[in-house]
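> Heads up: take any position in the sequence shown, counting from 1, add 60, and you land on this note's numbering.
Glycine residues also receive a C-beta, built at the ideal position from the N, C-alpha and C atoms.
What follows is a single structure, and I will ask about it in a moment.
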Amino acid sequence: MPTPFSLILFDGYCNLCSGTVQFILKHDRKAKFRFASLQSEYGKSLLQKHQLPTDSFGTFVLVENDTVFTKSTAALRILKSLSGMWPLLYVAIIIPRFLRDAIYNLVARNRYKWFGRRDSCWLPKNEWKERFMDSLLQ
């Protein structure tokens, strides 16, 4: 049975990734998305379930109805669900994936250098805690 929400797994140590999660939280007015860090036990178990590496965090992962999306496709699918003008960017899906993912990979490879890295995973504000799977399991 599909879950009533979509799940985003993100690098909890990455400033860009944590900032992206905060951006999504602010623009996800229907509360469609739930979150977990890739490094968490919940995140690792989901990666294993979908035969994805549990030791490489070069992409965030979107799981919708038990289907996995990564890299630029995941990013565009997320933008399509946000409020405001963001869904208009979904038109970029017509660009061949190898080109979209090349840009995504460039940013992913340099994200720590350009945006920094935390020493510990980012923790959400109390008002957002119920949207984080790790918080619900504790």
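One question on the structure: do I138 and I84 come within less than 8 angstroms of each other, judged by their Cβ atoms?
Numbered from 1 along the sequence shown, position 78 holds the residue referred to as residue 138. Numbered from 1 along the sequence shown, position 24 holds the residue referred to as residue 84. Against a cut-off of 8 angstroms, the Cβ pair of I84 and I138 comes out as a contact.
> Output the distance between the C-alpha atoms of N186 and I163, rounded to the nearest integer angstrom.
Against the sequence shown, residue 186 aligns to sequence position 126. Against the sequence shown, residue 163 aligns to sequence position 103. Each residue's Cα considered, the two are about 34 angstroms apart.
> At 3 residues or longer, what runs of the beta strand (DSSP E) sit wholly inside the segment 78-154?
93-97, 121-124, 127-130, all fully within the segment 78-154.
> Short of 6 angstroms in beta carbon distance, which residues of its chain neighbour Q99, apart from the five on each side in sequence? Order them along the chain.
Here residue 99 corresponds to residue number 39 of the sequence shown, with the count starting at 1. If we look at Q99 and ignore the five residues flanking it on each side, its Cβ neighbours are G72.
> Within the same chain, show all residues whose beta-carbon is closer than 6 angstroms to that of A130, passing over the 5 residues directly before and after it, in chain order.
Counting from 1 along the sequence shown, the entry for residue 130 is found at position 70. Checking the displayed sequence, the identity of residue 130 turns out to be Thr instead of Ala. T119, V121.
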